[in-house]
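Residue numbers (the UniProt record's numbering), protein chains in the order written: chain A, 1 to 248; chain B, 1 to 218.
Where is the CB? At the ideal position from N, CA and C, for every residue including glycine.
Structure first, commentary second.
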Amino acid sequence: MKLYLKIWRQLNATSKGEMVDYEIDGVTEHMSFLEMLDLLNESLIQLKERVIEFDHDCREGICGQCGVMINGRAHGPLKQTTTCQLHMRSFKDGDTIYIEPFRATAFPVVRDLKINRTSFDSIITAGGYIGASTGQAPEANSIPISYETVEASFDAAACIGCGACVATCKNSSAALFVGAKITHLALLPQGKIEASKRVLTMVDQMDKEGFGACSNTEACEVECPQGISVLSIAKMNYEYNKALIMKK
Amino acid sequence: MKSTTLKNKIIIAGTGLFLCFFLVIHLLGNLQLFLPEDQAREQFNWYSKLLSGNVFIKIISWVLYLSLISHALYAIIVTIKNNTASKQNYHYDKRNFASAWNSRNMGILGTILLLFLIIHFKDFWYVYKFTNLPIDAAGNKDLYEVVVQSYSQLWYVIIYEISFVALGFHLLHGFFSASRTLGLYHPKYVKAIKIFGWGYTLIITGGFMAIPLYIYLK
């Protein structure tokens, strides 16, 4: 199929970018979205032009590296799908596709579609871990945890940190990402010990990184490739309020 | 502790819920306007007098003024921060698909409500407190007459009805959003609050919308 692409090109973080038009022919419906971009880049290499840079790694939907705005929506039109798992059968011959990087003040563009998500790492560094020395791997069944709790915690842990929630939020809020990390650890016995300290430092870091506030529009849950529930944001708020009240 | 956006949201949620509670009381008081005219006049004027003379009500009203001001003020503070966080616009933007329009436009709805409140305070609150009104048979200030005069003008009724529609959409999102900000995360109660929020919104909005219409059509 033949496609008309409008792609964001930007040389570096300080330069001013613009949308550039491309035409691409020979795209098959079995190609993934990223393979379609690979095909375009090959043609650019043959023309000795600078290739379009984009983030990607595993290309099987689990690493959270890839992610662009496709026709104005994070990771494109499908539900619970990363950009790499979006296939060209979702488009038809002659379509025009707008491709832009995830945009937020806390996610500066590095080049073209590639963004810097260090702000997410800084939030994790601020408290998204269990600080107690755990020694060697213990016998798994020595700490009783109910099946439901494990599943709920794992649902939150499924967050791959791609940033689609921030990209789609009208406030560029990282509440779903931070909520998922808080919920994941706060539900488990090992994580409960530092739950108060964790939520306070992580929320503070979220603010410092320049993310906006959560307006509970719930758009993030709709666009999240892992289907993380917005209730994890409420759980974060619960943990935060509890920590504020109980703080010594 | 630094002042975080989450703390600001707690203030917006808390004051918002207090305003929700106030709306219930306000509507209950206003139901007296549905009584037959003579009875409504006496009763409503007596009720207005009761409210203005009571120390307990005076304290509540100061909490009310404070809530209104801080609700708006902190909403502005949070909005400024949100705008800084999301300065970069998309050239092609279809994100609206993923959320309800009223949840994205609480600021605009709130501004309509603020403008409404200026009119509302000027025409009733200010007139009752700071001007000389005629006295009714029982010797109370005749606020009922002011109400009837105001709502006999079509344009005035239209302004009120538009404002109440804005109020409805504001409440519909605001009520449940506040519950989330305060940390209600259990799926069962989240669902219950959403249903309760719908019921609350319909009753409050419907009730307030009915009053100007009833008086205009009478």
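Residue i at chain A interface by Cβ criterion, 8 Å
i	result
M209(B)	no
Y189(B)	no
F97(B)	yes
I10(B)	yes
K87(B)	yes
residue 272(B)	Limits of chain B in this structure are 1 at one end and 218 at the other, which puts residue 272(B) out of reach.
L143(B)	no
T131(B)	no
S70(B)	no
H26(B)	no
S177(B)	yes
K120(B)	According to the sequence displayed, residue 120(B) carries His and not Lys. So, not an interface residue.
L184(B)	yes
T205(B)	no
V90(B)	Strictly speaking, residue 90(B) in this sequence is Tyr, with Val absent from that position. It does: the Cβ of Y90(B) has a partner Cβ on chain A nearer than 8 Å.
T5(B)	yes
Limits of the unbroken beta strand (DSSP E) element including residue i
i	result
E194(A)	Run containing E194(A): none; DSSP gives neither H nor E here.
E23(A)	18-24
W198(B)	From DSSP, W198(B) is part of no beta strand (DSSP E) but of the alpha helix (DSSP H) over 187-217.
L3(A)	3-9
Interface flag, residue i vs chain B, CB-CB below 8 Å
i	result
L231(A)	yes
Y240(A)	yes
K16(A)	no
G210(A)	yes
K235(A)	yes
T217(A)	yes
M36(A)	no
Y105(A)	The residue asked about is misnamed: residue 105(A) is Thr in this sequence, not Tyr. Yes, its Cβ sits closer than 8 Å to a Cβ of chain B.
V222(A)	yes
M194(A)	This sequence places Glu at residue 194(A); Met is not what is there. Output row for E194(A): interface = no.
A243(A)	no
E100(A)	yes
A126(A)	no
A213(A)	yes
Distance CB(residue i)-CB(residue j) smaller than 8 Å
i	j	result
A72(B)	L114(B)	yes
I233(A)	C214(A)	yes
D93(A)	M1(A)	yes
P189(A)	I228(A)	no
H26(B)	G110(B)	no
C165(A)	L176(A)	yes
L86(A)	F33(A)	yes
I215(B)	Y151(B)	yes
Y74(B)	I12(B)	yes
P212(B)	E161(B)	yes
F18(B)	V63(B)	yes
A106(A)	F211(A)	yes
Y240(A)	V203(A)	yes
L11(A)	V27(A)	no
Residue span of the alpha helix (DSSP H) that contains residue i, given as start and end
i	result
V24(B)	5-30
I70(A)	Run containing I70(A): none in the alpha helix (DSSP H); it sits in the beta strand (DSSP E), 68-70.
W62(B)	55-85
K242(A)	231-246
C165(A)	164-168
G179(A)	175-186
A156(A)	147-157
L44(A)	33-46
A100(B)	Counting along the chain, A100(B) falls outside any alpha helix (DSSP H), and DSSP gives it neither H nor E.
V222(A)	219-223
beta-carbon residue i near the ligand MN non-hydrogen atom, thresh 7 Å
i	result
S196(A)	Among the components modelled here there is no ligand, and therefore nothing to report on the ligand MN.
Check: Name the residues in the region 70-98 of chain A whose C-beta lies less than 7 Å from a C-beta of chain B; which are they?
Finding: N71, G72, R73, Y98
Next item on the list: Could you run through the region 149-173 of chain A and flag, in chain order, every residue whose CB is less than 8 Å away from some CB of chain B?
Entry: T168, C169, K170, N171, S172, S173
Notebook entry, point to check: Fully enclosed by the region 92-124 of chain A, which beta strand (DSSP E) runs are 3 residues long or longer?
Noted result: 96-101, 109-111
Next item on the list: Residues of the region 155-175 of chain B with a CB closer than 8 Å to any CB of chain A: list them in chain order, please.
Entry: H173
Item checked: Under 9 Å (Cβ pairs) to chain A, residues found in the region 93-118 of chain B -> D93, K94, R95, N96, F97, A98, S99, A100, S103, R104, M106
Notebook entry, point to check: Just by C-beta distance, which residues in the region 72-85 of chain B are closer than 7 Å to chain A?
Noted result: V78, K81, N82, T84, A85
Notebook entry, point to check: Given a limit of 8 Å on CB to CB distance, which residues of the region 13-24 of chain B reach chain A?
Noted result: none
Next item on the list: Let me know the alpha helix (DSSP H) ranges lying completely inside the region 104-176 of chain B, each 4 residues or longer, listed in chain order.
Entry: 106-120, 127-130, 143-150
Next item on the list: Could you run through the region 196-207 of chain A and flag, in chain order, every residue whose CB is less than 9 Å away from some CB of chain B?
Entry: L200, V203, D204, M206, D207
Next item on the list: Compile a chain-ordered list of the residues in the region 51-64 of chain B whose CB is closer than 7 Å to at least one CB of chain A.
Entry: none
Check: Which residues, in order along the region 19-44 of chain A, keep a beta-carbon less than 7 Å from a beta-carbon of chain B?
Finding: M19
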